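Take a look at the structure below.
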Amino acid sequence: MLLGLLAALTLPLMPLQQVFLWLRLDLARTFPMHYHRLVCRLLGVRCDVIGRTAADGPLLIVSNHVSWLDILVLSTVAPVSFVAKREVAGWPIFGTLARLQRTVFVDRARRQAVRVSHDEMSGRLAAGDTLVLFPEGTSSDGRRVLPFKTSFFAAAGLPGVKVQPVSLAYRGHRNMPMNRRLLPSYAWYGEMELIPHLLGALSLGPIEVTVVLHAPLALDDGRDRKQLARHAEAEVRRGLSLALHDPARIR
Numbered sequence: 001m002l003l004g005l006l007a008a009l010t011l012p013l014m015p016l017q018q019v020f021l022w023l024r025l026d027l028a029r030t031f032p033m034h035y036h037r038l039v040c041r042l043l044g045v046r047c048d049v050i051g052r053t054a055a056d057g058p059l060l061i062v063s064n065h066v067s068w069l070d071i072l073v074l075s076t077v078a079p080v081s082f083v084a085k086r087e088v089a090g091w092p093i094f095g096t097l098a099r100l101q102r103t104v105f106v107d108r109a110r111r112q113a114v115r116v117s118h119d120e121m122s123g124r125l126a127a128g129d130t131l132v133l134f135p136e137g138t139s140s141d142g143r144r145v146l147p148f149k150t151s152f153f154a155a156a157g158l159p160g161v162k163v164q165p166v167s168l169a170y171r172g173h174r175n176m177p178m179n180r181r182l183l184p185s186y187a188w189y190g191e192m193e194l195i196p197h198l199l200g201a202l203s204l205g206p207i208e209v210t211v212v213l214h215a216p217l218a219l220d221d222g223r224d225r226k227q228l229a230r231h232a233e234a235e236v237r238r239g240l241s242l243a244l245h246d247p248a249r250i251r
């Protein structure tokens with residue numbers, strides 16, 4: 001039933017978003033945000049957003065990565081595009097949706113490809129876009145933050161670009177605390193297969209996700225990209241811990 005509703009909503013809107021892209025309309029940036037807000041309502045994903053995105057201008061959001069649900073959640077916060085591994089472009093349906101949201105696809109394995117990805121990210125930021133990067137390079141179990149990879153932070157070297165750390169905490173299920181046994185039903189990591197995981201998560205009902213938007217940073221604050229990445233990683237790790245264990249302290 002729920003999958004049918006999602007298909008009935010999504011399939012007619014995909015060609016509409018493609019038209020927005022062809023015509024280079026600003027709706028191509030904002031339409032996915034409204035779509036994902038509606039999808040989250042249908043799925044029962046309640047997003048508790050703490051803080052604000054940085055003011056208008058080029059912005060690189062760097063977030064911990066827990067699940068395929070992160071795409072839905074972060075897309076409700078602002079008109080964003082994502083930085084994703086090259087393989088995602090070939091995924092059925094999901095690859096098409098990613099392209100429609102103007103995803104930047106990167107190949108971390110080849111040095112020359114990384115340089116091309118830097119250039120594409122820099123170009124998008126120079127145009128004033130908001131990009132979301134998952135600098136861990138993979139997803140985790142939702143209770144920890146993996147070390148940030150620093151290479152793609154170089155794209156934030158343009159004047160005026162801000163880097164905003166974001167902590168995602170999958171903290172509740174049906175208005176009760178999310179326990180360690182249930183969290184893997186939503187956190188998608190390791191060798192879990194996507195479709196069975198997705199179907200399982202959809203069958204378990206509403207969840208609550210806390211999104212902590214930390215103060216924005218910049219390379220021109222006297223930090224190099226490695227220092228910036230370490231600072232952002234520490235902020236994301238601190239925010240995740242507080243959201244899971246002491247949420248009153250981040251209000």
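With my numbering, letter number 136 in the sequence shown gets 136, and the count goes up by one each step, no holes. C-beta: ideal position from N, C-alpha, C; glycine also. Small disclaimer: the values here were computed from a predicted structure and weren't measured.
Beta-carbon gap between residue i and residue j smaller than 8 Å
i	j	result
V104	R124	yes
V132	V80	yes
M14	L100	yes
L97	A169	no
A187	S63	no
I252	T150	No information on residue 252 is available, as it lies outside the stretch 1 to 251 that the chain covers here.
R57	G157	What sits at residue 57 in the sequence shown is Gly, not Arg. In this structure, G157 does not lie closer than 8 Å to G57 by Cβ.
R143	L183	yes
L78	M121	Before going on, a small fix: residue 78 reads as Ala here, not Leu. Not closer than 8 Å, so no.
E233	F153	no
G90	I207	no
Backbone secondary structure at residue i - three-state DSSP
i	result
I207	strand
A54	coil
V163	strand
S140	coil
S81	strand
V62	strand
T103	coil
L48	The residue you asked about is not Leu; residue 48 is Asp in the sequence shown. D48 falls in the strand class under three-state DSSP.
A8	helix
T150	coil
D76	According to the sequence shown, residue 76 is Thr rather than Asp. It is coil, neither helix nor strand.
Residues of its chain near residue i, where Cβ-Cβ distance is below 6 Å and the 5 sequence neighbours each way are ignored
i	result
R237	V145
M178	Y170, R171, G172
S235	This sequence places Glu at residue 235; Ser is not what is there. Cβ within range, chain order: P165, H214.
G137	K149
Residues near residue i in its chain [Cβ-Cβ closer than 7 Å; skip 5 each side]
i	result
Y35	L13
L242	R249, I250
Beta-carbon proximity list for residue i, same chain, < 8 Å, skipping 5 on both sides
i	result
G128	D56, G57, P58
L5	L42
The stretch 208-220 contacting the stretch 48-56, beta-carbon criterion three pairs below 8 Å: With the cut-off at 8 Å, the stretch 208-220 and the stretch 48-56 touch.
Contact between the stretch 193-200 and the stretch 162-181 (3+ Cβ pairs under 8 Å): By the Cβ test, the stretch 193-200 is not in contact with the stretch 162-181, since fewer than three Cβ pairs between them sit closer than 8 Å.
Continuous alpha helix (DSSP H) assignments of at least 4 residues falling wholly in the stretch 171-240: Listed in chain order, they are 194-203.
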